[in-house]
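Chains as they are written, first to last, in this note's numbering: chain C, -14 to 210; chain G, 144 to 396.
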Amino acid sequence: MALLDDKPAPETAERSRERPEVTIVDCGIGNIRSVQRMFEAVDGEAEIVSEPSAIAGARRVALPGVGAFDAGMKALRDGGWIDPLNHAALVEKVPVIGICLGMQMLCRRSEEGVLPGLGWIEADVRLVDLGGETRLKIPHMGWTVTRPARPNPLIPEGQGEQRFYYVHKYRAVCDRRDDVLATATYGTEFTAAVHRDNIYGVQFHPEKSHRFGMALMRRFLDIAC
Amino acid sequence: MLSHRVIPCLLLSRGGLVKTHKFAKPKYVGDPINAVKIFNEKEVDELMVLDIDASKERRGPDFELIEQLAGECFMPLCYGGGIRHADDAKLLFKLGVEKVSLQSAVLHSPAVIREIADHAGEQAVVVSIDVKRDWLGRPQPFSAAGVPIKQRDWRRAVADAVANGAGEILLNAVDRDGTLAGVDRGLIAEGSAIADVPLIAMGGVGSLADIRAATDAGASAVAAGAFFVFHGPHRAVLITYPRYDELRALWSD
């Protein structure tokens, strides 16, 4: 994926063990405090950073987001986050997790807006497809059973029923079946989580999904960096 | 499978938790932080906390208390009461609240809905509409805070809230509040048909069957107070919440 432009890569601070286990991006679009609390609830150290330069040297990166796609991408772009994030995810290859809108922004583009996404996952974001189920409303809001699509470190198979809290109008549609980590059904089956190499994304809110979310956050921290 | 949310609704008054009866006679039921901890342990779908004094007293939210409550919630938290403008809402989101519930602010200026939705997304904005039946049984919009209501047709109020950017409607049947006497199905059915966003039905839930009745009438989610904090004929305070398998069984057919 040739996503980096010609500018020199941001200076790479050595990935120091002194940095917390996870660095949470605060570009003004996420419920970052809840994400930090959830990492702390599973004995993780999580820092919130509001300066893009602080991404360099991060051990893991969490990209939370709520709201509209273009508002999120604009916040990343105008805040100067895109280059440091590209560097962390694609060059340093640190584990990254996008949450809700954060997951959608990992994709190429969204029907919801006109700005390009980060493009790390080969997927487009489309409106939720209710499949003609007239009793359902958009957004999909609530707890939904989520099934692993293949063996993976975040939502392991054979752990019994796992459910997570969702609030979304749009969903990712992946080009490659392999990139789909988990699925759930609301009207029709949709991609609940994506994964490629070191990059993870979840459509639901693990930070608001009590013990299921806690277990997922712990597993993300257990991914080697 | 349909996944309906079942939401305990806690009322704050003078620093404590209370439960009202038809919006009056608040009875003290306990310490808010302790109650939130218990609901968190019970893995409730979502939690709603409403400060019933704030708007009446023309004051803002108790941000310090809300931050403490949010710190105990590993599930979505909706807060309502005394939110005057978008800046109050922004601060609440920063403290870890997922959704804000608005009523008085909307009666003063409906534009506040869009302002907050533009910042945090429509899904984060709940508009609360209280409806009370008059002596002829006709549903009328009601403001416990005593704010003048320009839109006297509650159906229009629901439609307007959605058009203005509400991500959810909280429809509260005032006459059923705290009665445990069953939900107002007609009201819920009408409200759900008008709102093309999720509707949370509140007021009157006294059993699991009442919760099912509300979703059968079209509600996406059901909120209740007394049902989750009182137990037995003498209304002893006891915090309860149905087990997941009980809720799943409720919608299994």
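For each residue, glycine too, the CB sits at the ideal point set by N, CA and C.
All of these numbers come straight from a predicted model, not from anything done at the bench.
Shown here, glycine 186 of chain C sits in a strand according to DSSP, grouped into three states.
Contact between the segment 58 to 74 of chain C and the segment 4 to 13 of chain C is present: 3 or more CB-CB pairs across the two stretches fall below 8 Å. The C-beta distance from alanine 364 of chain G to isoleucine 343 of chain G rounds to 4 Å, short enough to meet the 8 Å contact threshold. The beta carbons of leucine 193 of chain G and leucine 250 of chain G sit about 16 Å from each other, so the pair does not count as a contact at 8 Å. Separation of glutamine 21 of chain C and leucine 212 of chain G (C-alpha to C-alpha, rounded to the nearest whole angstrom) is 15 Å. If you draw a straight line from the Cα of alanine 302 of chain G to the Cα of alanine 338 of chain G, it is about 6 Å long. By the criterion of a C-beta distance shorter than 6 Å, glycine 334 of chain G is surrounded in its chain by Val301, Leu314 and Leu342, once the five residues flanking it on both sides are discounted.
In the DSSP annotation of this structure, tryptophan 66 of chain C is not part of any beta strand (DSSP E), being labelled neither H nor E.
Interface residue (Cβ-Cβ distance to chain G less than 9 Å): serine 95 of chain C is not classified as such. Between alanine 56 of chain C and chain G, the shortest Cβ-Cβ separation is below 9 Å.
For glutamine 266 of chain G, the residues of chain C that pass the 9 Å Cβ criterion are Val51, Gly52, Pro124, Met126, Val152, His153 and Lys154, in the order they occur in the chain. Within the DSSP secondary-structure output, glycine 173 of chain G pairs in a beta bridge with G:Leu160. Using a CB distance below 7 Å, the part of the segment 204 to 218 of chain G facing chain C consists of Gly214, Phe217 and Met218, ordered along the chain.
Using a Cβ-Cβ cut-off of 9 Å, threonine 129 of chain C counts as an interface residue toward chain G, since at least one Cβ of chain G sits closer than that to its own. Between glutamate 200 of chain G and chain C, the shortest Cβ-Cβ separation is not below 9 Å.
Histidine 262 of chain G sits close to glycine 52 of chain C, with the two beta carbons spaced by under 9 Å.
When G:Glu215, G:Gln246, G:Phe182 and G:Ala336 are compared, the shortest CA-CA separation from cysteine 152 of chain G is found for G:Phe182. Annotated as distal: leucine 91 of chain C and valine 99 of chain C, with beta-carbon spacing of 9 Å or more. Within chain G, not a single residue places a beta-carbon under 9 Å from that of lysine 78 of chain C; the smallest gap is close to 30 Å. When CB distances to chain C are screened at a threshold of 7 Å, the residues of the segment 222 to 238 of chain G falling below it are Phe236, Lys237 and Leu238, in chain order. Following the DSSP letters along the chain, one finds glutamine 283 of chain G inside the beta strand (DSSP E) bounded by residues 282 to 285. Secondary structure in the segment 118 to 183 of chain C: the beta strand (DSSP E) runs of 3 residues or longer, each lying completely within the stretch, are 125 to 133, 148 to 153, 155 to 159, 165 to 171 and 173 to 181 in chain order. If only complete runs of 4 or more residues are kept, the segment 69 to 104 of chain C shows the alpha helix (DSSP H) at 86 to 89, in order along the chain. Counting C-beta pairs with one atom in each stretch, the segment 99 to 109 of chain C and the segment 122 to 140 of chain C have fewer than three that are closer than 8 Å, which means they do not touch. A Cβ-Cβ distance of about 6 Å is found for the pair leucine 351 of chain G and proline 385 of chain G, placing them in contact under the 8 Å criterion.
With at least 16 other beta carbons inside 10 angstroms of its own, alanine 41 of chain C counts as buried. Straight across, the Cα-Cα distance linking glutamate 215 of chain G with isoleucine 176 of chain G is about 8 Å. Check the Cα spacing between threonine 163 of chain G and each of G:Val317, G:Glu184 and G:Glu265: the tightest is with G:Val317.
Any Cβ of chain G closer than 9 Å to the Cβ of methionine 90 of chain C would place that residue at the interface, and such an atom is absent.
With a beta-carbon spacing of about 18 Å, alanine 287 of chain G and valine 255 of chain G fall beyond the 8 Å limit used to define contacts. Residues of the segment 324 to 355 of chain G with a Cβ closer than 7 Å to any Cβ of chain C, in chain order: Asp339, Val340 and Pro341.
With a threshold of 9 Å between beta carbons, asparagine 183 of chain G makes contact with chain C.
Within the DSSP secondary-structure output, methionine 191 of chain G pairs in a beta bridge with G:Cys152 and G:Cys221.
Following the DSSP letters along the chain, one finds lysine 185 of chain G in no beta strand (DSSP E), marked with neither H nor E. In the DSSP assignment, glutamate 311 of chain G is bridged to G:Val269. Residues of chain G with a Cβ closer than 8 Å to the Cβ of arginine 18 of chain C are, in chain order, Ala213, Lys237, Leu238 and Gly239.
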